[in-house]
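Comments concern the structure below.
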Amino acid sequence: MKLSDLIKYIRLVGLNPHIISSLSGVPVNDVYYSILSLFHEHQITVFPIINSEKLGLWKAVIWCEKSTIPYEKAKQIAGPLANIFRGDIEDNSFMLVFYTSYEVFDEMKQTYEKVFNKLNMNCSINLSVQNFRFINDENCYDFENKEWVCNRKQVYISIPSKKLLKLDKYDVNLLADIQVNPAIPYWRNYHYKHIKEVLYGFMYTLGKTNYILDVKSKRIVNDPSLLTIAQLDNGYYIIEYHADKESLERVISSVNKIKDVEIIISIKDLAFAHGFSIPYEVFKDNKWKIPKIKIE
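Take any residue in the sequence shown, note its place counting from 1, add 11, and you have its number in the numbering used here.
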């Protein structure tokens, strides 16, 4: 099976070889070994595209420069609401994306600002008003030379919504399971029909993308390593790239030409880069119960 054809199916349904075999007509063993090839020879990583805003979960971003608290503690300041953590490998700056709602965001922001002021930390807290997720065209990847040769992308856009999908705890648990393992046979689960409206497909990266670069700026540098963009309520963007060393240097060279820009460079190590599932712990009585922030 051609690897580019396989990725086309992975983008649609994830990593399960049985459903890919069913859709493609390729024997399941051939699909399985092709998936192994993507992992071992091309270092594929796969992430589900979930429109959490349609579930009632908005996102906000904490960006702190030269933090006075260790990263392990910084990861915990949003409790179960944490979505993504990125810590710089050199200067103790970090970014924490967390889940919130329109009703409680202002109160959460004030609480965080008081804490950061007491700690003499230079931090900003902003609501994400629009999110972009990018999927590279699999035909742009040269599997022989292991490099991107063109930069065509499909984009998924999500915005906070007041019209929400009605869920129960089994729906939420299934979404969390897909985030943890994109290879599970989720389509066999009765609750898949409830969540398929917010599961848009799957993103992926290829190659030795050992670096994660986050850029806070009003301008965007396009590159095959570009993965996500969050537009903030103050007009800035948080742009994330998953890059190998060559593409990291290329993007940084372009970013350094932009005025008023901040960057965080992480490596794919849990000490510096951590992703969390949707906060199923706070989904009770079929609704999200966002807890008050308490930081000791």
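Even for Gly, the Cβ is constructed at its ideal location relative to N, Cα and C.
Counting only C-beta atoms, is H205 closer than 8 Å to chain D at any point?
As a matter of chain content, chain D is missing from the structure shown, which is built from one protein chain.
So, helix, strand or coil for T220, using DSSP? Within the sequence shown, numbered from 1, the residue matching residue 220 stands at position 209. It is coil, neither helix nor strand.
request  = Counting only the same chain and skipping the five closest in sequence on each side, list residues whose C-beta sits under 7 Å from that of Y113.
outcome  = By one-based count along the sequence shown, residue 113 stands at place 102. Excluding residues within five positions, the ones whose Cβ falls inside 7 Å are W69, P171.
*asked:* Assuming H285 is part of the alpha helix (DSSP H), what are its boundary residues?
replied: If you number the sequence shown from 1, residue 285 lands on position 274. Per DSSP, H285 belongs to no alpha helix (DSSP H); it is in the beta strand (DSSP E), 284–286.
Three-state secondary structure (DSSP) at F154? As a position in the sequence shown, residue 154 is number 143, starting the count at 1. Residue state, collapsed to three classes: coil.
Could you tell me the alpha carbon to alpha carbon distance between F116 and N128, rounded to whole angstroms? Here residue 116 refers to the residue found at position 105 when the sequence shown is read from its first residue. Here residue 128 refers to the residue found at position 117 when the sequence shown is read from its first residue. If I take the Cα positions, the gap works out to 18 Å.
(request) Helix, strand or coil for A241, going by three-state DSSP, please let me know. (result) The residue given as residue 241 occupies position 230 in the sequence shown. Strand.
- Query: What are the boundary residues of the beta strand (DSSP E) that includes L355?
  - Reply: No answer is possible for residue 355: the residues shown for the chain start at 12 and end at 307.
Practice task
Starting from the C-beta of W198, find all residues in its chain whose C-beta is less than 7 Å away, skip the five residues before and the five after it, and write them out in chain order.
Solution key: Against the sequence shown, residue 198 aligns to sequence position 187. For W198, where only same-chain residues beyond five positions count, the Cβ hits under 7 Å are I30.
From the DSSP secondary-structure annotation, give me the bridge partner or partners of Y252.
Counted from its first residue, the sequence shown places residue 252 at position 241. The partner list for Y252 (beta bridge, DSSP) reads L224, L237.
Environment of E251 [buried if 16+ CB atoms lie within 10 Å]:
In the sequence shown, counting from the first residue as 1, residue 251 sits at position 240. Buried is the call here.
Taking the C-alpha atoms as reference points, what is the distance between I206 and K65?
In the sequence shown, counting from the first residue as 1, residue 206 sits at position 195. In the sequence shown, counting from the first residue as 1, residue 65 sits at position 54. Distance between the alpha carbons of I206 and K65: 10 Å.
Q.
I need the straight-line Cα distance from D41 to N221, nearest angstrom please.
A. By 1-based counting over the sequence shown, the position of residue 41 is 30. By 1-based counting over the sequence shown, the position of residue 221 is 210. Between D41 and N221, the C-alpha separation is close to 28 Å.
Quiz item: From what residue to what residue does the alpha helix (DSSP H) around R199 run?
Solution: Position 188 of the sequence shown, counting from 1, holds the residue named residue 199. Note, R199: premise wrong, no alpha helix (DSSP H); not H, not E.
(request) Decide if I278 is buried, meaning its Cβ has at least 16 other Cβ atoms within 10 Å, or exposed. (result) Numbered from 1 along the sequence shown, position 267 holds the residue referred to as residue 278. With fewer than 16 Cβ atoms within 10 Å of its Cβ, I278 is classed as exposed.
Helix, strand or coil at I61 according to DSSP, with G and I counted as helix: Here the question's residue 61 lines up with position 50 in the sequence shown. I61: strand per DSSP, three-state reduction.
According to DSSP, Y167 sits in a beta bridge with which residue or residues? For the purposes of this step, residue 167 is taken as residue 156 along the sequence shown, with counting starting at 1. Answer is R144.
**Prompt:** CB V57 to CB P193, shorter than 8 Å?
**Reply:** The count along the sequence shown starts at 1 and reaches residue 57 at position 46. The count along the sequence shown starts at 1 and reaches residue 193 at position 182. The Cβ atoms of V57 and P193 lie closer than 8 Å to each other.
Let me check understanding here. Comparing Cα to Cα, which of E52, N150, K84 lies closest to D16? Here the question's residue 16 lines up with position 5 in the sequence shown. Residue N150 is the option with its Cα nearest to D16.
**Prompt:** Distance, Cα to Cα, K125 vs V191?
**Reply:** Position 114 of the sequence shown, counting from 1, holds the residue named residue 125. Position 180 of the sequence shown, counting from 1, holds the residue named residue 191. Distance between the alpha carbons of K125 and V191 is about 34 Å.
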